[in-house]
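Chemist: Structure in structure tokens, see below.
Protein chains: 2
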Amino acid sequence: MLENEQSQSTTEDGIQPGDAELYGVPASLVEDVATALKAGELDAIRKTVTDLHAADQADLMEQLTSRNLRRFIDAFLEDLDPEALSELEETVRDEVIDLLEPQEIAAAVAEMDTDDAVYVIEDLDESERREILDAVPDEERFELEAGLSYPEDSAGRLMQQDFISVPTYWTVGQTIDHMREDEDLPEDFYEIFVVDAMMKPVGTIPLNRILRTKRDVDIAEIMEHEPILVPANMDQEEVAFLVQQYDLVSALVVDDSNRLIGSIMIDDIVDVIQEEAEEDIMLLGGVGDGGIHESTFQTTRDRFVWLFANLGTAILASIVISQFGGTIEQMVALAVLMPIVASMGGNAGTQTLTIAVRALGTKELTSSNALRTISREAVVGVINGILFAVIMGVVAALWFDIQMLGFVIAAAMIINMIVAALAGILIPLGLHKAGIDPAVASSVFVTTITDVVGFFAFLSLAAKYLV
Amino acid sequence: MLENEQSQSTTEDGIQPGDAELYGVPASLVEDVATALKAGELDAIRKTVTDLHAADQADLMEQLTSRNLRRFIDAFLEDLDPEALSELEETVRDEVIDLLEPQEIAAAVAEMDTDDAVYVIEDLDESERREILDAVPDEERFELEAGLSYPEDSAGRLMQQDFISVPTYWTVGQTIDHMREDEDLPEDFYEIFVVDAMMKPVGTIPLNRILRTKRDVDIAEIMEHEPILVPANMDQEEVAFLVQQYDLVSALVVDDSNRLIGSIMIDDIVDVIQEEAEEDIMLLGGVGDGGIHESTFQTTRDRFVWLFANLGTAILASIVISQFGGTIEQMVALAVLMPIVASMGGNAGTQTLTIAVRALGTKELTSSNALRTISREAVVGVINGILFAVIMGVVAALWFDIQMLGFVIAAAMIINMIVAALAGILIPLGLHKAGIDPAVASSVFVTTITDVVGFFAFLSLAAKYLV
Numbered sequence: 000m001l002e003n004e005q006s007q008s009t010t011e012d013g014i015q016p017g018d019a020e021l022y023g024v025p026a027s028l029v030e031d032v033a034t035a036l037k038a039g040e041l042d043a044i045r046k047t048v049t050d051l052h053a054a055d056q057a058d059l060m061e062q063l064t065s066r067n068l069r070r071f072i073d074a075f076l077e078d079l080d081p082e083a084l085s086e087l088e089e090t091v092r093d094e095v096i097d098l099l100e101p102q103e104i105a106a107a108v109a110e111m112d113t114d115d116a117v118y119v120i121e122d123l124d125e126s127e128r129r130e131i132l133d134a135v136p137d138e139e140r141f142e143l144e145a146g147l148s149y150p151e152d153s154a155g156r157l158m159q160q161d162f163i164s165v166p167t168y169w170t171v172g173q174t175i176d177h178m179r180e181d182e183d184l185p186e187d188f189y190e191i192f193v194v195d196a197m198m199k200p201v202g203t204i205p206l207n208r209i210l211r212t213k214r215d216v217d218i219a220e221i222m223e224h225e226p227i228l229v230p231a232n233m234d235q236e237e238v239a240f241l242v243q244q245y246d247l248v249s250a251l252v253v254d255d256s257n258r259l260i261g262s263i264m265i266d267d268i269v270d271v272i273q274e275e276a277e278e279d280i281m282l283l284g285g286v287g288d289g290g291i292h293e294s295t296f297q298t299t300r301d302r303f304v305w306l307f308a309n310l311g312t313a314i315l316a317s318i319v320i321s322q323f324g325g326t327i328e329q330m331v332a333l334a335v336l337m338p339i340v341a342s343m344g345g346n347a348g349t350q351t352l353t354i355a356v357r358a359l360g361t362k363e364l365t366s367s368n369a370l371r372t373i374s375r376e377a378v379v380g381v382i383n384g385i386l387f388a389v390i391m392g393v394v395a396a397l398w399f400d401i402q403m404l405g406f407v408i409a410a411a412m413i414i415n416m417i418v419a420a421l422a423g424i425l426i427p428l429g430l431h432k433a434g435i436d437p438a439v440a441s442s443v444f445v446t447t448i449t450d451v452v453g454f455f456a457f458l459s460l461a462a463k464y465l466v
Numbered sequence: 000m001l002e003n004e005q006s007q008s009t010t011e012d013g014i015q016p017g018d019a020e021l022y023g024v025p026a027s028l029v030e031d032v033a034t035a036l037k038a039g040e041l042d043a044i045r046k047t048v049t050d051l052h053a054a055d056q057a058d059l060m061e062q063l064t065s066r067n068l069r070r071f072i073d074a075f076l077e078d079l080d081p082e083a084l085s086e087l088e089e090t091v092r093d094e095v096i097d098l099l100e101p102q103e104i105a106a107a108v109a110e111m112d113t114d115d116a117v118y119v120i121e122d123l124d125e126s127e128r129r130e131i132l133d134a135v136p137d138e139e140r141f142e143l144e145a146g147l148s149y150p151e152d153s154a155g156r157l158m159q160q161d162f163i164s165v166p167t168y169w170t171v172g173q174t175i176d177h178m179r180e181d182e183d184l185p186e187d188f189y190e191i192f193v194v195d196a197m198m199k200p201v202g203t204i205p206l207n208r209i210l211r212t213k214r215d216v217d218i219a220e221i222m223e224h225e226p227i228l229v230p231a232n233m234d235q236e237e238v239a240f241l242v243q244q245y246d247l248v249s250a251l252v253v254d255d256s257n258r259l260i261g262s263i264m265i266d267d268i269v270d271v272i273q274e275e276a277e278e279d280i281m282l283l284g285g286v287g288d289g290g291i292h293e294s295t296f297q298t299t300r301d302r303f304v305w306l307f308a309n310l311g312t313a314i315l316a317s318i319v320i321s322q323f324g325g326t327i328e329q330m331v332a333l334a335v336l337m338p339i340v341a342s343m344g345g346n347a348g349t350q351t352l353t354i355a356v357r358a359l360g361t362k363e364l365t366s367s368n369a370l371r372t373i374s375r376e377a378v379v380g381v382i383n384g385i386l387f388a389v390i391m392g393v394v395a396a397l398w399f400d401i402q403m404l405g406f407v408i409a410a411a412m413i414i415n416m417i418v419a420a421l422a423g424i425l426i427p428l429g430l431h432k433a434g435i436d437p438a439v440a441s442s443v444f445v446t447t448i449t450d451v452v453g454f455f456a457f458l459s460l461a462a463k464y465l466v
């Protein structure tokens with residue numbers, strides 16, 4: 000009944016290159032699992048589920064309906080990779096956690112890397128978290144509590160607390176012997192850290208350099224000096240910047256006294272980079288942090304807030320229009336054309352805004368080049384303003400056969416597109432300076448300004464020169 | 000004159016944690032360099048410039064004006080890290096390349112990793128590229144030409160052609176000895192690849208496992224089986240997905256016959272992930288791929304195209320309005336209120352669209368959950384449609400003291416917000432199915448639909464029930 004060719008090929012027979020569809024969780028697999036769950040034919044899919052990579056198990060769960068997810072957890076909890084819990088998208092993870100006993104969560108959490116475990120339990124409410132922590136073995140609990148003691152989205156939350164550090168006076172041989180004997184090593188690591196007597200990091204050595212060096216060479220001779228140190232309370236976005244900027248494979252996390260307390264691996268940073276870029280996209284699109292797995296109620300509420308803010312600005316624009324009711328009554332062409340002026344301004348403003356928000360996010364827009372960027376945007380606004388003024392002026396004059404109408408819409412267009420360019424760059428810069436994430440609120444401000452200015456410029460010029 | 004505390008502290012005295020401003024290129028450093036370049040006091044900053052990390056040298060160059068950039072290159076070309084060229088943002092890199100002789104570029108390129116070198120020269124025009132390749136030593140040229148033979152944005156372009164592969168029958172000791180002797184190793188690597196007699200990869204071993212294993216153990220005993228193979232022509236977005244999904248530190252690239260030909264390191268994937276997320280943001284914002292460093296002319300042209308498409312849709316909406324000229328003349332309140340209906344629909348559509356585009360990009364939205372997602376969006380559209388219909392209905396009825404106007408705008412609002420939700424999800428899904436990047440064109444389609452439907456629903460209901 001079950002055709003799980005795809006899943007088997009990723010896990011047993013090796014992967015045939017050339018067909019990217021073979022990776023991940025194909026739709027046919029999801030369907031097969033859903034059908035089997037519904038029919039209660041669990042053994043038919045047990046091996047398929049077990050053989051999946053933790054990330055694929057998570058993806059599979061994300062695609063199931065709530066009812067099937069419950070059946071899935073009931074049937075396969077024992078077969079799942081504990082890490083799958085940390086790979087789940089937040090709202091689905093909440094759903095799964097609600098299905099589990101605290102002891103079951105504790106057992107999974109105890110098997111994860113500290114950073115993944117912290118990530119899973121950090122969003123739970125206090126009492127739930129306490130229950131889980133109490134069920135976790137002492138050593139892991141201590142590490143988890145240490146991780147949780149740092150601020151949300153900080154380096155401390157992201158770090159692994161297991162790492163290899165050796166004193167400066169060791170040789171390569173001693174280091175290798177130490178690694179062969181130490182049982183308590185992290186599962187994956189790419190660098191060894193060299194510390195002084197106070198546990199302050201003084202160097203790093205990539206593993207491949209250790210492998211390529213003779214046993215009797217001193218560690219101090221082959222290490223990279225002056226490693227970049229990440230304070231445990233540094234924001235994850237800053238950490239991601241450092242890792243990217245300096246091509247680090249792992250970042251050294253230190254406490255207030257500069258003592259080494261953990262390390263962050265590049266694969267965790269990959270997730271942070273993705274998350275932060277995602278956040279900008281979502282905020283610019285007016286959708287907060289909700290993805291497609293969020294509940295309908297939550298989604299409706301999140302979007303309502305944004306739409307409500309937008310309604311306020313739309314009403315503001317309508318008030319401007321209402322001041323020119325008499326003018327519109329005399330020339331209804333104005334009502335026909337006015338949305339064009341507002342819409343073009345809104346789009347031009349959004350373009351500039353998008354560039355500005357991303358350039359601020361990636362630290363490309365700084366106080367050194369702000370003035371240059373502002374004047375460049377203004378120039379682009381003027382040129383495109385003039386171009387569209389000409390186009391729209393001609394279209395309007397021909398459409399309604401009123402030459403002056405062409406001039407009026409052209410002038411309004413130029414004004415609004417320059418204003419749009421300036422608003423698009425100055426508002427995010429201002430918010431950034433005020434310490435507010437420019438992605439959050441910029442687009443409401445910008446479109447409010449372009450709507451109000453667009454309608455006002457067009458209608459007031461029309462009132463003066465046309466009617 | 001020159002206060003380069005910041006740059007010194009990142010390079011000589013170690014970094015004091017807690018002050019993120021110490022990393023990267025602070026504005027004060029840019030100013031100091033600009034002042035020194037203008038005054039011709041080059042020696043004052045030579046050490047500062049030389050000590051900077053390649054990525055910081057690139058950032059510094061990006062912040063200089065064109066005139067200072069020319070002075071900078073003239074003065075410091077010899078002192079720069081060749082990698083800085085590959086760290087430069089594209090338009091600034093083009094500027095720098097124009098300032099250099101082919102021989103100078105060739106010298107820099109020859110010192111870079113293959114993937115970085117390919118990245119630098121791939122965008123040059125044919126004759127320029129030829130000139131540079133001819134000036135590069137044979138061995139590097141061969142590798143570069145091999146890299147360039149793969150399609151743009153493919154795994155083949157991203158890969159390093161140096162890697163360590165060992166046969167299955169070797170021991171850990173033999174592997175370590177081989178690494179100690181082989182001169183032609185890549186600078187950084189985290190895994191060793193195990194291949195069969197046909198050079199087909201059969202396993203991978205993280206370096207730390209080699210270090211922790213006794214010399215006489217067989218490689219085959221400690222390797223990870225069935226590595227994930229990346230065909231050289233796979234799109235970089237797919238590669239990034241695999242690396243992220245399966246937490247790979249390096250990806251094995253194979254040719255058509257499954258022979259190992261290179262590897263892609265996770266730090267190169269980090270750049271791809273950033274690039275792809277960036278692309279979605281830029282496309283959704285209607286700004287193509289131009290950043291803040293692009294020339295004013297190019298920027299104006301890129302944005303013009305998008306704005307021109309938007310003008311077309313705005314005119315379409317105006318044509319709809321013009322059909323109801325008589326109705327508006329009789330009740331000017333309609334002209335005042337109609338932008339609200341259109342704007343709310345546009346925003347609601349953009350919200351759904353943003354979610355859909357990202358969910359498609361991250362493979363969270365699939366054929367398995369498309370139907371569920373569509374109905375969820377429709378429900379959210381209905382609920383928010385009703386909520387805003389009530390709010391706006393009351394506001395409109397009170398504002399103009401016409402009860403029926405409230406009902407009309409409420410009905411139009413519900414219609415437009417449901418249409419917005421459906422358009423926001425169906426259009427990106429349709430484009431994706433048709434093989435078109437949904438980020439490119441979705442937002443034009445969605446706002447066209449919400450404008451047209453918004454104006455038409457509101458004005459036609461008004462024509463029927465109000466005037």
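Protein chains in written order, with numbering that gives the first Met the number 0: chain A, 0 to 466; chain B, 0 to 466.
Even for Gly, the Cβ is constructed at its ideal location relative to N, Cα and C.
Is Q5 of chain A close to chain B, meaning its C-beta is less than 9 Å from at least one C-beta of that chain?
Modeler: Any reading at Q5 of chain A is ruled out, since the residue's pLDDT is 39, under 50, leaving its predicted position unreliable.
Chemist: With a cut-off of 9 Å, does the C-beta of Y189 of chain A fall near any C-beta of chain B?
Modeler: Answer yes: the Cβ-Cβ gap between Y189 of chain A and chain B drops below 9 Å somewhere.
Chemist: Pick helix, strand or coil for V29 of chain B, following the three-state DSSP scheme.
Modeler: Helix, per DSSP.
Chemist: Rounded to whole angstroms, what's the CA-CA distance from V356 of chain A to R211 of chain A? Just pull it up for me.
Modeler: Roughly 45 Å separates the two Cα atoms.
Chemist: With burial defined as no fewer than 16 other Cβ atoms inside 10 Å of the residue's Cβ, what is the status of L359 of chain A: buried or exposed?
Modeler: When all chains shown are included, L359 of chain A counts as buried.
Chemist: Quick one: Cα of A420 of chain A to Cα of G348 of chain A, how far?
Modeler: Taking the straight line from one Cα to the other gives about 5 Å.
Chemist: Does the Cβ of P150 of chain B have 16 or more other Cβ atoms within 10 Å, making it buried, or fewer, making it exposed?
Modeler: So P150 of chain B ends up on the exposed side.
Chemist: So which residues of chain A does P205 of chain B contact, with C-beta pairs closer than 7 Å?
Modeler: By Cβ distance, chain A contributes D187.
Chemist: Would you mind giving the Cβ-Cβ distance between I272 of chain B and I272 of chain A, rounded to the nearest angstrom? I have them listed as a contact below 8 Å.
Modeler: Indeed, because the Cβ distance is near 6 Å, the residues count as touching under 8 Å.
Chemist: Determine the DSSP secondary structure at M264 of chain A, reduced to helix, strand or coil.
Modeler: Of the three classes helix, strand and coil, the one that applies to M264 of chain A here is strand, per DSSP.
Chemist: Let me know if L315 of chain A comes out buried or exposed under the rule of 16 or more other beta-carbons within 10 Å of its beta-carbon.
Modeler: L315 of chain A should be labelled exposed.
Chemist: Under a Cβ-count criterion, where at least 16 other Cβ atoms within 10 Å of its own Cβ denotes burial, should M264 of chain B be classed as buried or exposed?
Modeler: Buried.
Chemist: Return the residue from the list B:A313, B:M281 and B:G311 that minimises the CA-CA distance to T298 of chain B.
Modeler: Measuring from the Cα of T298 of chain B, the nearest candidate turns out to be B:M281.
Chemist: Using the rule of at least 16 other Cβ atoms within 10 Å of the residue's Cβ for burial, across every protein chain shown, is I318 of chain A buried or exposed?
Modeler: Exposed: under 16 other Cβ atoms inside 10 Å.
Chemist: Identify the contact partners of H52 of chain B in chain A, using a Cβ-Cβ distance below 7 Å as the criterion.
Modeler: Those within 7 Å of H52 of chain B in chain A are Y245.
Chemist: Scan the segment 34 to 49 of chain B for residues whose Cβ lies nearer than 8 Å to a Cβ of chain A and list them as they occur along the chain.
Modeler: Those would be none; no residue qualifies.
Chemist: Quick one, are the C-beta atoms of D103 of chain B and E82 of chain B less than 9 Å apart?
Modeler: Residue identity check: residue 103 of chain B is Glu in the sequence provided, not Asp. Cβ distance not < 9 Å, so E103 of chain B and E82 of chain B don't count as in contact.
Chemist: Closest to V242 of chain A by C-alpha separation, out of A:T361, A:P437 and A:F75, would be which residue?
Modeler: The shortest C-alpha separation from V242 of chain A is found at A:T361.
Chemist: If I measure Cβ to Cβ from I131 of chain A and keep anything under 8 Å in the same chain, skipping five residues before and after, which residues do I get?
Modeler: Contacts found: P101, I104, A105, V108, I120 and L123.
Chemist: So F467 of chain B and A462 of chain B are supposed to be a Cβ contact under 8 Å. How far apart are they, rounded?
Modeler: Because chain B is modelled from 0 through 466, residue 467 of chain B falls outside the range shown and cannot be assessed.
Chemist: State yes or no: is the beta carbon of Y22 of chain A nearer than 9 Å to at least one beta carbon in chain B?
Modeler: Y22 of chain A counts as touching chain B.
Chemist: List the endpoints of the continuous alpha helix (DSSP H) containing S65 of chain A.
Modeler: Where S65 of chain A is concerned, the enclosing alpha helix (DSSP H) stretches over S65 to F75.
Chemist: Within the 9 Å Cβ cut-off, does P338 of chain B reach chain A?
Modeler: Taking Cβ atoms only, chain A reaches closer than 9 Å to P338 of chain B, which makes this a yes.
Chemist: List the endpoints of the continuous beta strand (DSSP E) containing V229 of chain B.
Modeler: Run containing V229 of chain B: L228 to P230, per the beta strand (DSSP E) assignment.
Chemist: Taking buried to mean at least 16 other C-beta atoms within 10 Å of its own C-beta, is R66 of chain A buried or exposed?
Modeler: That one is exposed.
Chemist: Mind checking who Q159 of chain B pairs with in its DSSP beta bridge?
Modeler: Paired residue(s): B:S262.
Chemist: Where do the ends of the beta strand (DSSP E) carrying S249 of chain A lie?
Modeler: Taken as a continuous stretch (DSSP letters only), the beta strand (DSSP E) holding S249 of chain A covers S249 to V253.
Chemist: Beta-carbon of N67 of chain A versus every beta-carbon of chain B: anything under 9 Å?
Modeler: Closer than 9 Å: no.
Chemist: With H, G and I counted as helix, E and B as strand and the rest as coil, what does DSSP make of F471 of chain B?
Modeler: The structure shown has nothing for residue 471 of chain B, since chain B only spans 0 to 466.
Chemist: Taking 8 Å as the limit between beta carbons, can you name the residues of its chain near A196 of chain B, skipping five residues before and five after?
Modeler: Answer for A196 of chain B: P166, listed in chain order.
Chemist: Would you check if the distance between the CB atom of T295 of chain B and the CB atom of R375 of chain A is smaller than 9 Å?
Modeler: For T295 of chain B and R375 of chain A, yes; Cβs fall inside 9 Å.
Chemist: Taking DSSP as the reference, what is the three-state secondary structure of E275 of chain A?
Modeler: Here E275 of chain A sits in helix by DSSP.
Chemist: Taking the Cβ atom as the reference point for each residue, do A74 of chain B and L28 of chain B lie within a distance shorter than 9 Å?
Modeler: Going by C-beta atoms, A74 of chain B is not nearer than 9 Å to L28 of chain B.
Chemist: Go ahead and label L458 of chain B buried or exposed: buried means 16 or more other beta carbons lie within 10 angstroms of its beta carbon, across all protein chains shown.
Modeler: With 16 or more Cβ atoms within 10 Å of its Cβ, L458 of chain B is classed as buried.
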